[in-house]
Each structure stands twice: as structure tokens, then as C-alpha cells.
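Numbering (the numbering used here), first residue to last: 230 to 513.
Beta carbons: idealized from backbone N, C-alpha and C, even for Gly.
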């Protein structure tokens, strides 16, 4: 395994370890403050901590990771995109944590508007950094250059992707599994290519998703709702746009099937949990 391989592996390990530390810290905070609901921002800590630390690690190793060249990104481009992804996560976490306050809970329309505004702003930051589609290929062999519509097409796709992942709200581990499967798919298709930045980003997503699963998989210590599912949807959207249209098309075709399987599986597990532990929800 060459230098790129070792650096990519290190990125995944860093993401996993940071996510685990973040998860245990969130667990400790939740145990000390009994009033904190398990659906709060704490559920997003493992995933976001893993991604934040691994993104900083990617910036640190970018000169070595992209040497001698990356097929699509220079060192400066990789650093800019990485910083934009981190800023997008911060916007989502701050916005969704703010709307959970009592002032916004009494004003549902305002909280919904704020959440959508944070989603929109995070997507705009990513697009401004250069993450966007350039061509549209509805049929094999036919490609259309998007030109000035590239930003609008990318924005629409990312908002749709984020909304789709939010459908997995409350299904323990579902969003993390979706990120894990998507990350593995992109990692596998780029492992022997010159797309070192995308390969490292997919590896960091794999590590952070595994750490998140440790705390959100059934029976989850946290329920990945609100900030957690929004952050997962944002990362899913970024990954699919970075991976370009072929990967997006494949994931778009597979997503409905995966979603149905997860929904059915989550319903079955929830039913079993209620049957085995009938008093658990009342205690919570």
C-alpha cells in the first residue's frame, strides 16, 4: 500500500476515533444533565466530531495526499472544499440547535423557516466553494452541459437529498447506515484512481459513520433526529455531488429500495422493542 493508501486509512481511523470520543463525551453530558432529551443535538456529536477532526486532518495532509496530482482538485481546491464542508456542518448544527429553544418551539412556522434557511445557506456555501454538477446525462450517451444552471441544479439536488435522509428521522442507525453504504460505494470506485481527495473524504465518512452507529444503532443510546439527520443529509448530498453524476444516478436508483428496507426493518424492530419492553417508552 502506497503513501496515498496509508494517508487515506489514517483519515478513516482519525474520523472513527474522534467520533468515538465525541460520542462518549455526549453520553457523559447526557448522564449529568437528566433533562436533556435524547433527540437533542447530542445525537449529532459522534458523526460531526468525526467529520470535523478528519476534515482538519485532510487539510493538514493535503499536500502529501494530492501529490503528485489529483484528477480534479489542486491542494488549494481541496483545502477550500474541506473548509466549506466544515462551515456547512457548523451552520446546520447552530441553526437546528437554536430552533430547539422554547421560543421557536412555540412558533412552528418560524422554526421550520429557520431550519430550511440553514439548509439552504449550508448548500450555498458548498456551491460557492466549487462543489457542483457540470453536465446532465438523462440517457446513456447523451450529455448536456448545464452552464449557468449548474449551481441551481446542484442546490436542488442537495436539498432533495437532505430531505430524503430526513425521512429516516428516529429510525435508529438508519441515516448512519445510509452514509456508511454510500461512503463504501464511493471509496471502492475511487480507490485505484487518481481521485485522492474524494477517496479520502469517503474514507472519513466511513469512519465517522461507524462511530455514529456505535451510539445510534438499535437499541440506540441516542436517536438521530433534528441536527443529526440534517447533518447526515448534508454530508450525503456533498458526497453524491463530489462523486459526480454516475454515482448520483446509481445511488438515486438504489435509495428507494434501501429506504424501504430500512423503514420496514425499523418498524419491525420498534414493534419488537415495544413487545419486549412495554414500559420503556413510558419511562423515557
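Remark: C-beta atoms of residue 293 and residue 232 approach each other more closely than 8 Å.
Counting C-beta pairs closer than 8 Å gives three or more between the segment 271-288 and the segment 451-459, which meets the contact rule. Note that the C-beta distance between residue 440 and residue 468 is not below 8 Å. Between residue 438 and residue 398, the C-beta gap is not smaller than 8 Å, which leaves the two residues out of contact.
Taking 4 residues as the minimum length, the alpha helix (DSSP H) runs contained wholly in the segment 373-442 are 379-395 and 403-419, in order along the chain. Within 10 angstroms of the beta-carbon of residue 341 lie fewer than 16 other beta-carbons, which makes it exposed. Per DSSP, reduced to three states, the secondary structure at residue 298 is coil, with no helix or strand assignment. As the crow flies, the alpha-carbon of residue 362 is around 14 Å from that of residue 388. Cβ-Cβ separation between residue 404 and residue 461: approximately 4 Å, consistent with a contact (criterion under 8 Å). A check of alpha carbon separations from residue 344 across 359, 423 and 324 identifies 324 as the nearest. Note on geometry: alpha-carbon atoms of residue 255 and residue 425 lie some 32 Å from one another. Taking a C-beta distance under 8 Å as the contact criterion, residue 378 and residue 466 do not qualify as a contact pair. Close CB contacts of residue 394 within its chain, under the 7 Å cut and outside five residues either way in sequence, are with 404, 407, 458, 461, 462 and 465 (chain order).
Taking C-alpha positions only, residue 355 is separated from residue 470 by approximately 10 Å.
When DSSP states are grouped into helix, strand and coil, residue 246 belongs to the helix group.
Residue 429 is positioned such that its CB atom lies no closer than 8 Å to that of residue 358. Relative to residue 308, the option among 427, 326 and 434 whose CA is nearest is 427. One thing to note: residue 247 has its Cβ within 8 Å of the Cβ of residue 278.
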